[in-house]
Amino acid sequence: MPFTEINELTKKNQEFIHIATNQLIKAGKTDTEIKELLEEILPVILEHQKTGVTARSLYGAPSDWAASKTAQPEATDQPPLNENPWLMWLDSSLLLLAIIGIVNGAMNSFNAGVNYGLITMLLIGFGVGAGMYMMYHFVYREQVQTGKRPSLVKALGFLVLATLAWTLVFFLAALIPSSINPPVSPFFAIVIGAGAFVIRYLIKKKYNIRNAMQPMP
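Residue numbers are given in my numbering: position 198 of the sequence shown equals residue 201, and the series is strictly consecutive.
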């Protein structure tokens, strides 16, 4: 509708258009955008003013109407989580290595823990991390995809298998000779743990990796 037809509006409706236009200008709308927005409502306002209905009654306060046309939609869509098996395994392993390093180092600082060797720490961290990913892959992945909880029998079965595998990892770690598995001092155990946390954080931030130990958001 041409802007000349604004003159056909009542004083109250002209005031509505004037205030709304100023708000749209302040919001950074171009002349073309403003014209398109006003041409959407002018015919409606003209039609209803014949029966005494004002633009404010139709659209509320002019500033509110203008704000509704300039509000930016909220970005609610989250990028999909990365389910690359190697990255998920690395993510779980680094988290476990960080926990093992910090807890073991802190306990050994007070002579209250087992002094693990370097290879033992790595084997436990990456071995148990692999088990955590396998639990996700065979049990919880279906829940992520379909929203349905896994059957109790299936979950318990794989939990038993994972526990046996973790026990085997700890058993094999204990067999590693100290000649190739030097014990790690409490200080360096904490350093290794803290380093694993930092590396995991950076990798997770870069690749948006799904957490195998917390598969559902």
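Just so you know, even glycine gets a beta-carbon here, dropped at the ideal spot from N, CA and C.
Since we're looking at a predicted model, the values are computed, not measured.
Is residue i a contact residue of the ligand FAD, with contact defined as CB to any heavy atom under 7 Å?
i	result
L126	Although the ligand FAD was asked about, the structure shown includes no ligands whatsoever.
Going along the chain, which residues of its own chain have a beta-carbon closer than 7 Å to the beta-carbon of residue i, five neighbours each way excluded?
i	result
T13	Q52
V131	L99, W169, V172
F129	S96
G104	M124, A192, I193, I195, G196, A199
A78	Note that A78 scores 49 on pLDDT, short of 50, meaning its location in the model is unreliable; the coordinates nonetheless yield the value given after this. Cβ neighbours of A78 beyond the five flanking positions: none.
Q17	I9
Which same chain residues, not among the five before or five after residue i, have their C-beta less than 6 Å away from its C-beta?
i	result
A101	G196, A199, F200
A69	A23, Q26, L27
S112	P189
A133	W92
I48	N16, A58
For the alpha helix (DSSP H) containing residue i, list its first residue and its last residue.
i	result
F19	14-29
Q217	Careful: Q217 lies outside any alpha helix (DSSP H) and carries neither H nor E.
I103	88-112
E70	Note that residue 70 is Ala in the sequence shown here, rather than Glu. Taken as a continuous stretch (DSSP letters only), the alpha helix (DSSP H) holding A70 covers 65-73.
K32	Per DSSP, K32 belongs to no alpha helix (DSSP H) and is neither H nor E.
Y3	Since the displayed the chain opens at 4 and closes at 220, residue 3 lies outside it and no answer follows.
L61	58-62
Exposed or buried, residue i, counting other C-beta atoms within 10 Å across all chains shown (16 or more means buried)?
i	result
N10	exposed
R203	buried
T123	buried
I127	buried
V142	buried
V187	buried
F19	buried
A115	exposed
G31	exposed
A58	buried
Which residues in the same chain as residue i place their Cβ atom closer than 8 Å to its Cβ, once the five residues preceding and following it in sequence are excluded?
i	result
N184	G120, L121, I122, T123
M138	F161, L162, A165, A215
Y136	P88, M91, W92, S95, A215
K209	none
Original post:
Hey, is the stretch 54-66 in contact with the stretch 20-39, meaning 3+ C-beta pairs nearer than 8 Å?
Top reply: In this structure the stretch 54-66 lies against the stretch 20-39, because at least three pairs of beta carbons, one per stretch, are closer than 8 Å.
Original post:
Hey, which unbroken runs of the alpha helix (DSSP H) at 4 residues or more fall wholly within the stretch 128-193?
Top reply: The alpha helix (DSSP H) runs of length 4 or more contained entirely in the stretch 128-193 are, from start to end of the chain, 144-149, 155-177.
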